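>
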Amino acid sequence: MTGIDHHLAEARAGLERLGPAEARRAAAEGALLVDTRPAGTREAEGEIPGALVIERNHLEWRCDPASEGALPEAVDTEVRWIVFCDEGYASSLAAASLRTIGLSRATDLDGGFRAWRAAGLPVTGGRAANG
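Taking UniProt numbering, the leading residue of the sequence shown gets 1, the next gets one more, and so forth.
#1: Considering just the uninterrupted stretch of the beta strand (DSSP E) at L33, what are its terminal residues?
#2: Comparing C-alpha positions only, which one of R24, G30, V75 and V83 sits nearest to T107?
#3: Nearest to R127 by alpha carbon, out of A39, G120 and E43?
#4: With H, G and I counted as helix, E and B as strand and the rest as coil, what does DSSP make of T2?
#5: Tell me the rounded alpha-carbon separation between G102 and G30.
#6: Considering only their Cβ atoms, is the gap separating P49 from A119 smaller than 9 Å?
#7: Taking only three categories from DSSP, how would you classify E47?
#8: With distances taken Cα to Cα, identify the nearest neighbour of L93 among E10, M1 and D64.
#9: Nearest by alpha-carbon distance to C85: which of R99, A23, R37 and D110 is it?
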C-alpha cells in the first residue's frame, strides 16, 4: 500500500460516506453539498444544482463558523457538510480535514460528481452535457 493509499484509508475510516441518492436525500433534509472542483472542471462537466462552490484551497476557512472568512451557511459546528470532487478521492481528504477542525458531521460523496451524474441525478450546464 502506498503512502497516499494509507492516508486515504485512514481519512475514510472516520467518515460515513454517502452514495448519490443518500447525499441527495441528506441535502433535501438540510445538509449542504459542497463542490470543491476547479472552475474549469465545473464548466466542462456541469454542476449539481444548489451545491455551494468552495474550491479546495478555501474549504476550511469557509466552513469553520469561527473563521472570519466563514460562509453564512457555517452557522455552527453541527452543519452537515457533504463535500464532493470529481471522483471521490480528494473529497474524502477534504471531509476528514473538516472533521479535524471540529466539524464532526462532515463527510463526502462516494464516487464524487461522476457517481452523481451516473446515477441520473440532476446536473446543470457543462460542455459535456451540452455538446
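Note that CB positions come from ideal geometry on N, CA and C, so glycine has one too.
Remember, predicted model here, so these are calculated numbers, not experimental data.
According to the structure shown:
#1: As a working note, residue 33 is residue 33 in the sequence shown. Residues L32 to D35.
#2: Taking the sequence shown and counting its residues from 1, one reaches residue 107 at position 107. Ranking R24, G30, V75 and V83 by Cα distance to T107 puts V83 first.
#3: Taking the first residue of the sequence shown as position 1, residue 127 is located at position 127. Of the candidates A39, G120 and E43, the one whose C-alpha sits nearest the C-alpha of R127 is E43.
#4: What you label residue 2 is simply residue 2 of the sequence shown in a count that begins at 1. Coil, per DSSP.
#5: Position 102 of the sequence shown holds residue 102. Position 30 of the sequence shown holds residue 30. Spanning the two alpha carbons is a distance of roughly 19 Å.
#6: Along the sequence shown, read from residue 1 onward, the residue named residue 119 stands at position 119. Along the sequence shown, read from residue 1 onward, the residue named residue 49 stands at position 49. Contact: no.
#7: Working through the sequence shown from its first residue, we reach residue 47 at position 47. In this structure, E47 counts as strand in the three-state DSSP scheme.
#8: Counting from one through the sequence shown, the residue named residue 93 turns up at place 93. When only C-alpha atoms are compared, the closest one is E10.
#9: For the purposes of this step, residue 85 is identified with residue 85 of the sequence shown, where counting begins at 1. Comparing Cα-Cα distances from C85 to each of R99, A23, R37 and D110, the minimum goes to R37.
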